[in-house]
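Enquirer: For the first sequence, the positions run 1070 to 1542 when the working numbering is used.
All residues carry an ideal CB built from backbone N, CA and C; glycine is no exception.
Fair warning: this is a prediction, and the values are worked out from it, not measured in the lab.
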Amino acid sequence: MSIIVWFRQDLRLADNPALAAAAASGKPVVPLYILDPDMMPGGASRWWLHGSLDALARDLRALGAPLVLRRGSARDVLHELAREAGASGVFWNRCYEPDAIARDRAIEKSLASQGLDAASFKGALLREPWEISTAAGMPYKVFTPFWRALAAQAPFGAPLPAPGSLRAVPGLATDDPASWRLRPSRPDWAAAFGDVWLPGERAARLRLAAFLDGSVRDYGEARNMPAREATSRLSPHLHWGEISPRQIWFAAQARAGEQPALAAGVESFLRELGWREFSHYLICHWPHMVDRAWKPAYGNFPWRRDESAFRLWTKGLTGYPIVDAGMRELWRTGYMHNRVRMISASFLVKDLLIDWREGAAWFEDTLVDADLACNRAGWQWVAGSGADAAPFFRIFNPVLQGEKFDADGAYLRRHLPELARLDTRFIHRPWEAPPAALDAAGIVPGKTYPLPIVDHAAARARALAALAKVQRR
DNA sequence: TGAAATGTTGGGGCG
DNA sequence: ACGCCCCAACATTTC
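#1: Could you check what DSSP says for residue 1142 in three-state terms: helix, strand or coil?
#2: With contact counted as at least three CB pairs below 8 Å, one residue from each stretch, are the segment 1194-1211 and the segment 1135-1155 in contact?
#3: May I ask which residues mark the beginning and end of the alpha helix (DSSP H) holding residue 1179?
#4: Using 10 angstroms around the beta-carbon of residue 1212, count the other beta-carbons present and answer buried if the total reaches 16, otherwise exposed.
#5: Please classify residue 1079: does DSSP put it in a helix, a strand, or coil?
#6: By alpha-carbon positions, which one of 1101, 1266, 1336 and 1220 ends up nearest to residue 1143?
#7: How close, in whole Å, do the beta carbons of residue 1304 and residue 1438 come, if the pair is a contact with beta carbons under 8 Å?
#8: Could you name the residues of the same chain whose beta carbon sits closer than 8 Å to that of residue 1459, not counting the 5 residues immediately before and after it, in chain order?
#9: Taking DSSP as the reference, what is the three-state secondary structure of residue 1190?
#10: Look at the alpha carbon of residue 1248 and the alpha carbon of residue 1163, and state the distance between them as a whole number of angstroms.
#11: Taking the continuous beta strand (DSSP E) assigned at residue 1103, which residues delimit it?
#12: With distances taken Cα to Cα, identify the nearest neighbour of residue 1526 among 1502, 1507, 1465 and 1479.
#13: Between residue 1372 and residue 1412, which are expected to be in contact by the criterion C-beta below 8 Å, what is the C-beta distance as a whole number of angstroms?
#14: Can you grab the Cα-Cα spacing for the pair residue 1333 / residue 1289, in whole Å?
#15: Quick one: is residue 1085 buried, meaning 16 or more other Cβ sit within 10 Å of its Cβ, or exposed?
#16: Run through DSSP, which three-state label would residue 1199 get?
#17: Can you give the Cα-Cα distance for residue 1230 and residue 1090, rounded to whole angstroms?
#18: Measuring CA to CA, which of 1273, 1471 and 1432 is closest to residue 1082?
#19: Report all residues from its chain with a CB closer than 6 Å to the CB of residue 1489; omit the five preceding and five following residues, and keep chain order.
#20: In terms of DSSP beta bridges, what is residue 1467 paired with?
#21: Residues in its own chain within less than 7 Å of residue 1518 by CB, not counting five upstream and five downstream?
#22: Residue 1385 to residue 1293, Cα distance in whole Å?
#23: In three-state DSSP terms, what is residue 1363?
#24: As a quick exercise: from 1217, 1130, 1398 and 1191, pick the residue whose alpha carbon is nearest that of residue 1202.
#25: If you run the structure through DSSP and keep just helix, strand and coil, what is residue 1073?
#26: Answer with buried or exposed for residue 1419, where buried requires no fewer than 16 other C-beta atoms within 10 angstroms of its C-beta.
#27: Out of 1408, 1306, 1515 and 1355, which one is the CA nearest neighbour of residue 1561?
#28: Given residue 1258, which residues of its chain have a CB within under 8 Å of its CB, disregarding the five upstream and five downstream residues?
#29: Whole angstroms is fine: what's the gap from residue 1354's alpha carbon to residue 1106's?
#30: What is the rounded straight-line gap between the Cα of residue 1504 and the Cα of residue 1263?
#31: Does the separation of the CB atoms of residue 1166 and residue 1352 fall below 9 Å?
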């Protein structure tokens, strides 16, 4: 009898409770990843998945139990493989998205009906969403008290070590990952991803160590400066579970312990980890917020249909440099700095009045760190419809945000070569640049770089008018 | 983890 | 010398 360990968003060996429990059973272990055509990740995320599975397969091979890759409906694959491998049970770590919860419930029941032992574990969060509630026994709706309650439960149990070795079930068929075509060929829009990213558990661990040795020191200030690259960039590793929040928590706390000067940076970094927890917590308690406004009043907000404006936004051709730089960074590298995500999202929702769900879907297709819970909660935060969200009337001015967080325009110059030579005084507002400055920079407004597709002041007034309509109901 | 509008204060120019 | 006005600079309110 063997145990199937069903890997999903936990592509790691260390601190993997499902894998650890299977190894501890003493039975042979069948590590499995299923590509389910009905639950396909977005394009950039698939690029990451390819690399991550590659790394996981290598690490598992070294432990003696090769990774089995299968394509199909998760339930069918599990039953079939359980028969082939003579499995007595299937172990996995829990996911918290509505579709995944529904799938896992059904599979659990179906496995049990066949006499198989289906067991799930906590691997993706510091605490289960149902383990944190207010004094009144209700789920938190505001981040700060949630975060205090969560932190009060620390420490969260030391991370588990990776199993030393595994007994395998020989002779199981596996797909050739190349046949899954997770990475694009022509056109290869991911050509630059490899310069920036290295998927896999080992790379995640190195990334964390480098961050705790470097940028964490003044993370509190620098994390808002997109040109500084002072963030941890752990998000894609976290999404695929190549590293666990518990490992991050412990490593960061240990670092603050040995070097007290880092304590403030560590605290604000862990607070961001807290936002990740909060997003999963919210989605788990209010699954409707994946595709509907968390606040009912926003349910009939008068969004505008404007495909041409949406397309210009996706391509980074809005004429607002900080927005365009962000959208270009996203397309080229599969990532966008968080400050810029907020600005570009605010622009789509408030300046263009386009439904946040359209923006969320674009991000989910283009971000290597695309995570349904974080992304949807983030968009609803920007749109003002979420829990503990920024009020709708809090509208970012893309020029002021740019000037505040990228004062010298270094981020713009990196991602918008057509503006690179423009005088810093005008780089966040090129439409105000005098002809001489434009000439000197080789810019022809409307030709080499677009004029603004909306006037921000007018767009702001339009957004506030739309909000007033909603509130009157 | 806003920005803009509006209100208040105080220094200085100027008749 | 005095009052008036202007307008930064800052604070508060509103969206």
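Expert: Checking against the coordinates, here is how it stands:
#1: Residue 1142: coil per DSSP, three-state reduction.
#2: Segment contact: the segment 1194-1211 against the segment 1135-1155, fewer than three CB-CB distances shorter than 8 Å; contact not assigned.
#3: Start and end: 1167-1182.
#4: buried
#5: coil
#6: 1101
#7: 4 Å
#8: 1450, 1451 and 1453
#9: In this structure, residue 1190 counts as strand in the three-state DSSP scheme.
#10: 28 Å
#11: 1098-1104
#12: 1465
#13: Not quite, the Cβ-Cβ distance comes to about 19 Å (not below 8 Å), so this is no contact.
#14: 7 Å
#15: Sixteen is the threshold: when 16 or more other Cβ atoms of the shown chains lie within 10 Å of the Cβ of residue 1085, as they do, the residue is buried.
#16: Residue 1199 falls in the helix class under three-state DSSP.
#17: For residue 1230 and residue 1090, the distance between alpha carbons rounds to 12 Å.
#18: 1273
#19: 1482
#20: Partner(s): none; residue 1467 has no beta bridge.
#21: 1487, 1488, 1499 and 1512
#22: 21 Å
#23: coil
#24: 1217
#25: strand
#26: Flag for residue 1419 reads buried.
#27: Outside the shown range of the chain (1070 to 1542) lies residue 1561, about which nothing can therefore be said.
#28: 1112 and 1400
#29: 27 Å
#30: 40 Å
#31: yes
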